[in-house]
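Enquirer:
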Amino acid sequence: MLHRNLIGGDWVSGEASVNINPSNTDQVVGEYARASAEDTKAAIAAARTALPEWSRSPILERHVILRKTADEILARKEDLGRLLAREEGKTLPEAIGEVTRAGQIFDFFAGEVLRLSGEVLPSVRPNIGVEITREPVGVVGIITPWNFPIAIPAWKMAPALAYGNTVVLKPADLVPGSAWALVDILHRAGAPAGVVNLVMGRGSVAGQTLLDSPDVNALTFTGSAGTGRRVAASSIEHNRKFQLEMGGKNPFVVLDDADLSVAVEAVANSSFFSTGQRCTASSRLIVTEGIHERFVAALTEKLKSLVVDDALKAGIHIGPVVDESQLKQDLDYIGIGRSEGARLAFGGERLERETPGFYLAPALFTEATNDMRIAREEIFGPIAAVIRVRDYDEALAVANDTSFGLSSGIATTSLKHAIHFKRNSEAGMVMVNLPTAGVDFHAPFGGRKGSSYGPREQGRYAAEFYTTVKTAYTLA
Ligand SMILES: NC(=O)C1=CN([C@@H]2O[C@H](COP(=O)(O)OP(=O)(O)OC[C@H]3O[C@@H](n4cnc5c(N)ncnc54)[C@H](OP(=O)(O)O)[C@@H]3O)[C@@H](O)[C@H]2O)C=CC1
Ligand SMILES: O=C(O)CCC(=O)C(=O)O
Numbered sequence: 001m002l003h004r005n006l007i008g009g010d011w012v013s014g015e016a017s018v019n020i021n022p023s024n025t026d027q028v029v030g031e032y033a034r035a036s037a038e039d040t041k042a043a044i045a046a047a048r049t050a051l052p053e054w055s056r057s058p059i060l061e062r063h064v065i066l067r068k069t070a071d072e073i074l075a076r077k078e079d080l081g082r083l084l085a086r087e088e089g090k091t092l093p094e095a096i097g098e099v100t101r102a103g104q105i106f107d108f109f110a111g112e113v114l115r116l117s118g119e120v121l122p123s124v125r126p127n128i129g130v131e132i133t134r135e136p137v138g139v140v141g142i143i144t145p146w147n148f149p150i151a152i153p154a155w156k157m158a159p160a161l162a163y164g165n166t167v168v169l170k171p172a173d174l175v176p177g178s179a180w181a182l183v184d185i186l187h188r189a190g191a192p193a194g195v196v197n198l199v200m201g202r203g204s205v206a207g208q209t210l211l212d213s214p215d216v217n218a219l220t221f222t223g224s225a226g227t228g229r230r231v232a233a234s235s236i237e238h239n240r241k242f243q244l245e246m247g248g249k250n251p252f253v254v255l256d257d258a259d260l261s262v263a264v265e266a267v268a269n270s271s272f273f274s275t276g277q278r279c280t281a282s283s284r285l286i287v288t289e290g291i292h293e294r295f296v297a298a299l300t301e302k303l304k305s306l307v308v309d310d311a312l313k314a315g316i317h318i319g320p321v322v323d324e325s326q327l328k329q330d331l332d333y334i335g336i337g338r339s340e341g342a343r344l345a346f347g348g349e350r351l352e353r354e355t356p357g358f359y360l361a362p363a364l365f366t367e368a369t370n371d372m373r374i375a376r377e378e379i380f381g382p383i384a385a386v387i388r389v390r391d392y393d394e395a396l397a398v399a400n401d402t403s404f405g406l407s408s409g410i411a412t413t414s415l416k417h418a419i420h421f422k423r424n425s426e427a428g429m430v431m432v433n434l435p436t437a438g439v440d441f442h443a444p445f446g447g448r449k450g451s452s453y454g455p456r457e458q459g460r461y462a463a464e465f466y467t468t469v470k471t472a473y474t475l476a
């Protein structure tokens, strides 16, 4: 069956693309329609037509649709998790966790609809009242990457709809299945025609059409820095609100006084789980010299115990890389690290398994320095580099010496250093004795420097992007 795009409430056919399972490239997950530029323009027009009624719809109607969506996602988390693991390659428990998070996000924003509020101020002039309200921004274009195929569409669509916007979602061409399933649920939960539109397909076609359209009032994007720059340039041209979540080169500091097992568990998770394919992954492990040897030895032992195999197999820790081109990028960077003089202390080789897939042994470099390309450029694979430093002050300086600023972490038992790091780390999210990846669904998410642009995503902070403030003055 061809899974079609949803445009103005109708399921619309298009050129078929096959969704391949990275754990077993002989397996087709499903066939999905690719939207043309014309389809995408029709989706934008449908979203515009639906906007006036939806933006004024009773909050209870919006609440019920989001609530039903949350309920169905959570009730189906096992089968949606299987679909996600098959199309993206994260392990089944990770995939079910991501689906659960998507359900919780819809649940949270179903509640937020009922908590919409404004402010009343006394005027500085006599007999005048000042009211401050939040209104929807309008038609929201949503462009999402492949690494979180349901959670990222969920954390962009749920607030957009809660605050009365209509949406056009362009998911990553590599993983359309989970986005299709989510839109199907929203459609059956009662989202009126044109309120939720889906344009699966290529970034260069469907994505670019969203960027070029003067009728898209706000654009929210997660993906690479290169595409992010295009989103920014086109949005400025169209005087459109935009929000970017891009890469990371997140540091994880391990101090001499760290609890070794806490540090190793946090790093194994941050750097290697989800195959290292998270913008919040830590790829720079900044370790003070007193613990360096013990940390590298313990992490290497941990890496030996991690099983890389088919995402659906029980008991595995790391699934395959998402596709051939990301695998090539990972292997290229492993070669670059070696040629730069870092020591490949563990892994980094392509693995053969029972099924043909993109399997890569997690790779650990030591003797790296912060000026190497493997320490400066986002790789987006299960690859981390240990950088040896003298003390906390040097660790902090190295941690902040990056053009990115999404998340950062520290393993320490010192309250003084933990507090200092939380205050002085130049990252949007700071973790103490916890992995840099895997965040709460109700707290603000986003970074600084080259990682992010615009208001935070998620939690109540999402209102900043998905609404526009109106100030009204009334003579009493
Ligand atoms: N911050 C984060 O969370 C993420 C960061 N990344 C980083 O990005 C790198 C590359 O990943 P990749 O998926 O290729 O990133 P891209 O930026 O290419 O893709 C992200 C989304 O943008 C779309 N897109 C691509 N070109 C355009 C365009 N001209 N106009 C509008 N939309 C467009 C893509 O479509 P299409 O379906 O055709 O790809 C996809 O939906 C990774 O290796 C990683 O470093 C990746 C994923 C998430
Ligand atoms: O770490 C997380 O929980 C989220 C990561 C993420 O959003 C991303 O990699 O795109």
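Just so you know, we're using UniProt numbering here: the sequence shown kicks off at 1 and counts up by one.
Even glycine gets a Cβ: it sits at the ideal position worked out from N, Cα and C.
Look up Q243 in the DSSP assignment and give the residues it is bridged to.
Expert: Per DSSP, T220.
Enquirer: Can you check which of these residues, D257, L198, A158 and P382, is closest to V168 by C-alpha distance?
Expert: For V168, the nearest C-alpha among the options comes from L198.
Enquirer: For a test of your reading of the model: does the CB of F445 fall under 8 Å from any non-hydrogen atom of ligand 2? Yes or no.
Expert: Yes; taking the cut-off as 8 Å, the Cβ of F445 has a heavy atom of ligand 2 nearer than that.
Enquirer: Do you know offhand how far L2's Cα is from V183's?
Expert: So the two alpha carbons sit approximately 15 Å from each other.
Enquirer: Is it the case that the CB of P159 approaches a heavy atom of ligand 2 more closely than 8 Å?
Expert: P159 Cβ: outside cutoff for every heavy atom of ligand 2.
Enquirer: For M157, tell me which candidate among A314, L66, A298 and E87 has the shortest Cα-Cα distance.
Expert: Per the Cα distances, L66.
Enquirer: The beta strand (DSSP E) that contains S17, what's its start and end?
Expert: Note, S17: beta strand (DSSP E), E15 to N21.
Enquirer: With DSSP as the reference, label P382 as helix, strand or coil.
Expert: Three-state DSSP puts P382 in coil, outside helix and strand.
Enquirer: For T220, I'd like the list of residues in its chain whose CB is within less than 6 Å of its CB, leaving aside the five on either flank, ordered along the chain.
Expert: So the list reads I142, K156 and Q243, once near-sequence residues are dropped.
Enquirer: Relative to the alpha-carbon of R188, which residue among S339, R350 and V64 has its alpha-carbon at the smallest distance?
Expert: Cα-wise, what sits closest to R188 is V64.
Enquirer: Does the beta carbon of E245 fall short of 8 Å from some heavy atom of ligand 1?
Expert: E245 Cβ: within cutoff of ligand 1.
Enquirer: Give me the residue from Y163, R294, N24 and E394 with the minimum Cα distance to L114.
Expert: Among Y163, R294, N24 and E394, the Cα nearest to that of L114 belongs to Y163.
Enquirer: Helix or strand or just coil, what does DSSP make of T300?
Expert: Reduced to three states, the DSSP call for T300 is helix.
Enquirer: Nearest CA to the CA of V195: which residue from L83, I150, R62 and E289?
Expert: Looking at the Cα atoms, R62 is the closest of the given residues.
Enquirer: Count the other C-beta atoms from every protein chain shown that fall within 10 angstroms of the C-beta of P176, then say buried if there are 16 or more, exposed otherwise.
Expert: Looking at its Cβ environment, which holds 16 or more other Cβ atoms inside 10 Å, P176 is buried.
Enquirer: Kindly examine ligand 2 and report whether one of its heavy atoms sits closer than 8 Å to the Cβ of R373.
Expert: No; taking the cut-off as 8 Å, the Cβ of R373 has no heavy atom of ligand 2 nearer than that.
Enquirer: Would you identify the three-state DSSP class for S178, choosing helix, strand or coil?
Expert: Reduced to three states, the DSSP call for S178 is helix.
Enquirer: Which value, in whole angstroms, describes the spacing of the CA atoms of E352 and S178?
Expert: Using only the alpha carbons, I get a separation of about 27 Å.
Enquirer: Secondary structure at T166, three-state DSSP: helix, strand or coil?
Expert: Three-state result, T166: strand.
Enquirer: Applying the criterion that 16 or more other CB atoms from any shown protein chain within 10 Å of the CB defines a buried residue, is K77 buried or exposed?
Expert: When all chains shown are included, K77 counts as buried.
Enquirer: From what residue to what residue does the beta strand (DSSP E) around Q27 run?
Expert: Counting along the chain, the beta strand (DSSP E) containing Q27 begins and ends at N24 to R34.
Enquirer: For a test of your reading of the model: does the CB of V231 fall under 8 Å from any non-hydrogen atom of ligand 1? Yes or no.
Expert: Within the cutoff, so yes.
Enquirer: Could you say which of D391, L299 and D371 lies nearest to G347 if we only look at CA atoms?
Expert: Here the closest residue by C-alpha is L299.
Enquirer: Let's see if you can read the secondary structure: which residues bound the alpha helix (DSSP H) around A363?
Expert: Where A363 is concerned, there is no enclosing alpha helix (DSSP H), although the beta strand (DSSP E) it sits in stretches over A363 to A368.
Enquirer: Run through the DSSP bridge pairs and tell me what N5 is partnered with.
Expert: V12, per the DSSP bridge assignment.
Enquirer: On the CB-based measure, 16 or more other CB atoms within 10 Å of its CB, does G247 come out buried or exposed?
Expert: Buried: at least 16 other Cβ atoms inside 10 Å.
Enquirer: Just checking N147 against ligand 1 - is the residue's beta carbon closer than 8 Å to any of the ligand's heavy atoms?
Expert: Yes.
Enquirer: Give the DSSP-derived three-state secondary structure of T436 in the structure shown.
Expert: In this structure, T436 counts as coil in the three-state DSSP scheme.
Enquirer: Please confirm whether any heavy atom of ligand 1 lies closer than 8 Å to the CB of A395.
Expert: No, the beta carbon of A395 sits no closer than 8 Å to any heavy atom of ligand 1.
Enquirer: Using 8 Å as the threshold, is the stretch 349–367 in touch with the stretch 305–324, meaning 3 or more CB pairs across them?
Expert: In short, these stretches touch, since the Cβ pair count reaches three.
Enquirer: Which residue from L74, A33, R284 and E94 puts its Cα closest to that of D310?
Expert: The candidate whose alpha carbon is nearest that of D310 is E94.
Enquirer: On the criterion of 16 or more Cβ atoms from any shown chain inside 10 Å, does E457 qualify as buried, or is it exposed?
Expert: Answer is buried; the Cβ neighbour count reaches 16.
Enquirer: Could you tell me how far apart the beta carbons of A151 and A102 are, in whole angstroms, since I believe they sit closer than 8 Å?
Expert: Correct: roughly 5 Å between the Cβ atoms.
Enquirer: To which residues of the same chain is T49 closer than 8 Å at the C-beta, ignoring the five residues directly before and after it?
Expert: Taken in chain order, the residues that qualify are G8 and G194.
Enquirer: Given the structure, does Q329 come close to ligand 1, in the sense that its CB is under 8 Å from one of the ligand's heavy atoms?
Expert: Yes.
Enquirer: State buried or exposed for I132, treating a residue as buried only when at least 16 other CB atoms are found within 10 Å of its CB.
Expert: By the neighbour-count rule (16 or more Cβ atoms within 10 Å), I132 is not buried but exposed.
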